[in-house]
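What follows is one structure encoded as structure tokens, with my remarks underneath.
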Amino acid sequence: MDAIMDIAEEHNLTVIEDCAQAHGAEYKGKKVGSIGHIGCFSFFATKNMTTGEGGMITTNNHEIKDRAQMIRSHGMSSRHDHNLLGYNYRMSEINAAIGLVQLTKLEKLNQKRRKNNKRSWIICSMFLYNWSRF
Numbered sequence: 023m024d025a026i027m028d029i030a031e032e033h034n035l036t037v038i039e040d041c042a043q044a045h046g047a048e049y050k051g052k053k054v055g056s057i058g059h060i061g062c063f064s065f066f067a068t069k070n071m072t073t074g075e076g077g078m079i080t081t082n083n084h085e086i087k088d089r090a091q092m093i094r095s096h097g098m099s100s101r102h103d104h105n106l107l108g109y110n111y112r113m114s115e116i117n118a119a120i121g122l123v124q125l126t127k128l129e130k131l132n133q134k135r136r137k138n139n140k141r142s143w144i145i146c147s148m149f150l151y152n153w154s155r156f
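Residue numbering for the sequence shown follows our numbering, beginning at 23 and increasing consecutively.
This is the structure:
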């Protein structure tokens with residue numbers, strides 16, 4: 023990511039992080055979604071953290087935030103002012119409530135995933151030939 027961010031800065035590019043399956047992950051001590059200009063998370067049912075449906079973007083850029091808020095709400099910048107083409111990307115309150123509860127469990131769920139992954143690699147290594155000796 024460091025090299026990507028350097029290139030982006032040099033060429034005035036926006037970096038969008040795909041964090042769909044990386045909830046809680048870190049790169050050099052920084053949470054993913056906070057490294058690029060925009061982070062995109064998915065909360066679909068098959069993801070590491072789910073609300074059943076929906077997603078989230080992260081940014082520290084106010085212009086990007088304002089534009090994203092307009093796009094997610096039919097292009098409205100105020101109650102009846104449509105400044106651009108938009109959609110209905112608003113998350114329902116029930117999905118948001120589920121997400122807030124899931125967020126409190128995220129670290130514990132990620133620890134379980136890491137433990138299961140380690141166990142899986144141990145089991146797989148018992149049955150797979152070690153080709154690295156050649």
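We put the beta carbon where it would ideally sit given N, CA and C, even for glycine.
Item: Simplified DSSP state of glycine 74, which is helix, strand or coil; Value: strand
Item: N- and C-terminal bounds of the alpha helix (DSSP H) containing phenylalanine 149; Value: 115-149
Item: First through last residue of the alpha helix (DSSP H) which encompasses isoleucine 86; Value: 84-94
Item: Tyrosine 109 Cβ short of 8 Å to the ligand NAP heavy atom set; Value: Because no ligand of any kind appears in the structure shown, any question about the ligand NAP cannot be addressed here.
Item: C-beta atoms of lysine 50 and methionine 27 nearer than 9 Å; Value: no
Item: As assigned by DSSP and simplified to three states, the class of isoleucine 57; Value: coil
Item: Sufficient close CB pairs (3 or more, under 8 Å) joining the segment 63-76 to the segment 113-120; Value: yes
Item: Distance between beta carbons of isoleucine 60 and isoleucine 79, contact taken as under 8 Å; Value: 6 Å
Item: Cβ shell of glutamine 43 (< 8 Å), same chain only, five flanking positions each side left out; Value: Ser64, Lys69 and Asn70
Item: Exposed unless 16 or more other CB atoms sit within 10 angstroms - verdict on cysteine 41; Value: buried
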